[in-house]
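Everything below concerns the one structure shown next.
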Amino acid sequence: MANMSSLRAAGGSTRWTRAPGAVIAQIAEGNQADIDRAVAAARMALEDGPWSRFKPSERQAVMLKLADLVEAEFDDIALVDTLEMGRPITMSKLMKSMVVRALRHYAGLATAIHGQTMGNSALVDLTSFTLREPVGVVGAIIPWNGPVFCAAWKCAPALAAGCTVVMKPSEKGSLTPLRFGELCLEAGIPPGVVNVVTGHGAVGAALSDHPDVDKITFTGSCGTGQKIIAASAGTVKRVTMELGGKSPNIIFADADLDLAVPAAGMAIFNNSGQVCSAGSRIFVERAIHDEFVARLVEFGKTLKLGHTLDPATQIGPIVSQGQFDRVCSYLEIGPQEGVHVALGGAALRDGDFGKGFYVAPTIFGGAEDGMRVAREEIFGPVACVLPFDSFDEVIARANDTVFGLAAAVWTQDITRAHRAVKRIKAGTVWVNHYGAMDPAVPFGGYKMSGFGREGGTEHIESYLQTKGVWIRT
Ligand code: NAD
385 MANMSSLRAA GGSTRWTRAP GAVIAQIAEG NQADIDRAVA AARMALEDGP
435 WSRFKPSERQ AVMLKLADLV EAEFDDIALV DTLEMGRPIT MSKLMKSMVV
485 RALRHYAGLA TAIHGQTMGN SALVDLTSFT LREPVGVVGA IIPWNGPVFC
535 AAWKCAPALA AGCTVVMKPS EKGSLTPLRF GELCLEAGIP PGVVNVVTGH
585 GAVGAALSDH PDVDKITFTG SCGTGQKIIA ASAGTVKRVT MELGGKSPNI
635 IFADADLDLA VPAAGMAIFN NSGQVCSAGS RIFVERAIHD EFVARLVEFG
685 KTLKLGHTLD PATQIGPIVS QGQFDRVCSY LEIGPQEGVH VALGGAALRD
735 GDFGKGFYVA PTIFGGAEDG MRVAREEIFG PVACVLPFDS FDEVIARAND
785 TVFGLAAAVW TQDITRAHRA VKRIKAGTVW VNHYGAMDPA VPFGGYKMSG
835 FGREGGTEHI ESYLQTKGVW IRT
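In the working numbering, the protein residues as written are 385 to 857.
Right under this line is the structure:
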């Protein structure tokens, strides 16, 4: 990896980047002046630079080259993500396919952008058609729980559409987005097209109300998203939001428990629950509730918590002290609200675990829908198991949340599965699976989980605008 210390902020500020429990690098702490410079570079590249003259096939070629470079270097990239934000190395390496496929998928779409010709009934003879044009300079503000993944998923469709990007990575996951920016240059994407400004929330805020930014694409928490929406109103930016969730995972009595139990476990414990679509509310039909909980507890006990660089480790630490404290507070709130702890329920502080921020996989039984632990996004390895008695009841309870990011249904009854899919208010519904994603399939939120889609043609559409053209014939 390149020497990140060569990248300087306008104000000369730097800060230490922390792995969960240790310092690993020093990087620039950007400010308003850096955002101004980056936005000016992005504007120049969009309007006057070589990028503005790139043909679709040329955009495609450099994106395919970028995919090759990212693929070739992915072991190093995965290592840096793991060091910085604590996802176990084996899990970080598994992100390779999703990152590289996104770049190649949207490279493919770069040559498939087209307008339409439409008949019209104007009083004089006029031909009318549409042009699809890049929306402009894009501000991409991303979280820490998938640094390189989010960088690639934000930039790929934007580049395919011909936009330029100013990316603001999370202060807890900046290193691989920085490397991604360098690889863009190595791939032949001209300077100024992909700009990365590191720093805290104030840097993202400077992007959100910047008069020369045309669109903000944000992935992160609901509260930050609300601030960005408000900040962007003054300049009427296009905005897309990928926010949080409290996703229901519904297990009917006829489910194949050999599949459903481990899937439900990993749906909440993977990445220590720091996944936007984590299946944190597990609704289990009463007839199998006790058996399911017993099997889920047994599955949870098999998970290997450990050092993030140990390939056998399945569960790593929480990303930071602040996030760790937040998750631990919910471990106290749950029992105070009356749940019983079926598994875990505590931080791991003994021995080497005490050097990081480890929380045991936790299952709360006896939870009720109104409890905070069953309503609020914990963003930790904490599941509430909630029994149910009927189809209509569980659908209503699954939908009784301000969020609507994802859901899953486990049943052998195809009619029931289809009925559930239609009635669940969420942007993604998996049946007899949890967590599949692909760049060809839209992903995004209903309700307060956001708007706009990442993946699918809707994603590239969100980086395009339409011009209606009339020509007197
Ligand atoms: P966060 O909202 O704290 O931070 C996200 C980004 O916003 C960071 O880069 C941060 O520096 C920046 N930021 C903070 N304050 C800002 C402000 N006022 N203006 C502009 N930018 C600002 O979120 P996080 O803790 O990094 O990530 C966790 C959250 O992200 C969870 O809620 C999770 O559900 C959500 N998430 C959603 C998806 C999805 O696809 N829906 C994916 C991953 C994570």
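The C-beta atom is built at its ideal place from N, Cα and C for all residues, glycine as well.
None of these values were measured; they are calculated from a predicted model.
Practice item. For GLU845, collect the residues of the same chain with a Cβ closer than 8 Å to its Cβ; drop the 5 residues on either side in sequence, then sort them by chain order. Key: Working through the sequence shown from its first residue, we reach residue 845 at position 461. There are no such residues.
Exercise for review: Report yes if the C-beta of LYS611 is less than 6 Å from at least one heavy atom of ligand 1; otherwise report no.
Suggested key: Locating residue 611 in the sequence shown gives position 227, counting from the first residue. Yes.
Review point. To the nearest angstrom, how far is it from the Cα of GLN698 to the Cα of HIS691?
Key: By 1-based counting over the sequence shown, the position of residue 698 is 314. By 1-based counting over the sequence shown, the position of residue 691 is 307. Going by the C-alpha atoms only, they are around 9 Å apart.
Exercise for review: Report the option in GLN500, PRO595 and GLY585 whose CA atom is closest to the CA atom of GLY607.
Suggested key: Within the sequence shown, residue 607 is the residue found at index 223, counting from 1. In this structure, GLY585 is the residue among GLN500, PRO595 and GLY585 with its C-alpha nearest to the C-alpha of GLY607.
Point to revise | GLY834 and MET625 closer than 7 Å at C-beta | key: Here the question's residue 834 lines up with position 450 in the sequence shown. Here the question's residue 625 lines up with position 241 in the sequence shown. Cβ distance < 7 Å, so GLY834 and MET625 count as in contact.
Point to revise | Reference GLY852; option with closest CA among MET502, ALA425, GLY718 and PHE827 | key: Taking the sequence shown and counting its residues from 1, one reaches residue 852 at position 468. Of the candidates MET502, ALA425, GLY718 and PHE827, the one whose C-alpha sits nearest the C-alpha of GLY852 is MET502.
Check your understanding: Cβ of ALA542 within 7 Å of Cβ of TYR847?
Key -> In the sequence shown, residue 542 corresponds to position 158, counting from 1. In the sequence shown, residue 847 corresponds to position 463, counting from 1. A contact, by the Cβ cut-off of 7 Å.
Point to revise | CA nearest to the CA of LEU430, picked from VAL815, ILE573 and ILE798 | key: Looking up residue 430 in the sequence shown gives position 46. Comparing Cα-Cα distances from LEU430 to each of VAL815, ILE573 and ILE798, the minimum goes to ILE573.
Exercise for review: Would you tell me roughly how many angstroms separate the C-alpha atoms of PRO531 and GLU455, rounded to the nearest one?
Suggested key: Indexing the sequence shown from 1 puts residue 531 at position 147. Indexing the sequence shown from 1 puts residue 455 at position 71. The alpha-carbon atoms of PRO531 and GLU455 are separated by roughly 15 Å.
Practice item. Please name the residue in ALA494, CYS712, SER605 and MET469 whose C-alpha comes closest to that of GLU442. Key: In the sequence shown, counting from the first residue as 1, residue 442 sits at position 58. Cα-wise, what sits closest to GLU442 is ALA494.
Check your understanding: DSSP beta-bridge partners for LYS599?
Key -> For this step, residue 599 is matched to residue 215 along the sequence shown. Answer is VAL522 and ARG622.
Practice item. Measure the beta-carbon distance from THR550 to ILE419 and round it to whole angstroms, keeping in mind my assumption that it falls under 8 Å. Key: Here residue 550 corresponds to residue number 166 of the sequence shown, with the count starting at 1. Here residue 419 corresponds to residue number 35 of the sequence shown, with the count starting at 1. The question names Thr, but residue 550 in the sequence shown is Val. Indeed they touch by this definition, with Cβ atoms about 7 Å apart.
Review point. Can you tell me whether DSSP reads VAL703 as helix, strand or coil?
Key: Counting from one through the sequence shown, the residue named residue 703 turns up at place 319. Looking at VAL703 - three-state DSSP - the assignment turns out to be coil, as it is neither helix nor strand.
**Study point:** Extent of the continuous beta strand (DSSP E) run through GLN849
**Key:** Numbered from its first residue, the sequence shown carries residue 849 at position 465. Start and end: 848-856.
Check your understanding: Is the Cβ-Cβ distance between GLY839 and PHE827 less than 7 Å?
Key -> Against the sequence shown, residue 839 aligns to sequence position 455. Against the sequence shown, residue 827 aligns to sequence position 443. A contact, by the Cβ cut-off of 7 Å.
Practice item. Within its chain, find whatever has a CB closer than 6 Å to the CB of ARG860; leave out the 5 residues flanking it on each side and keep chain order. Key: Summary: the structure shown does not reach residue 860, with the chain confined to residues 385 through 857, and so no result is reported for it.
**Study point:** Range covered by the beta strand (DSSP E) that runs through CYS768
**Key:** Working through the sequence shown from its first residue, we reach residue 768 at position 384. It spans 766-772 - the beta strand (DSSP E) in which CYS768 sits, taken as one unbroken run.
Review point. In three-state DSSP terms, what is ALA386?
Key: As a working mapping, residue 386 is identified with position 2 in the sequence shown. With a pLDDT of only 41 at ALA386, under the threshold of 50, the placement of this residue in the model should not be trusted; the figure read from the coordinates follows. Three-state DSSP puts ALA386 in coil, outside helix and strand.
Check your understanding: What's the gap between the Cα of THR850 and the Cα of ARG516?
Key -> Indexing the sequence shown from 1 puts residue 850 at position 466. Indexing the sequence shown from 1 puts residue 516 at position 132. Annotation: THR850 to ARG516 spans about 5 Å, alpha carbon to alpha carbon.
Practice item. Give me whichever residues DSSP pairs with PHE513 in a beta bridge. Key: Here residue 513 is taken as the residue at index 129 of the sequence shown, counted from 1. THR501 and VAL853.
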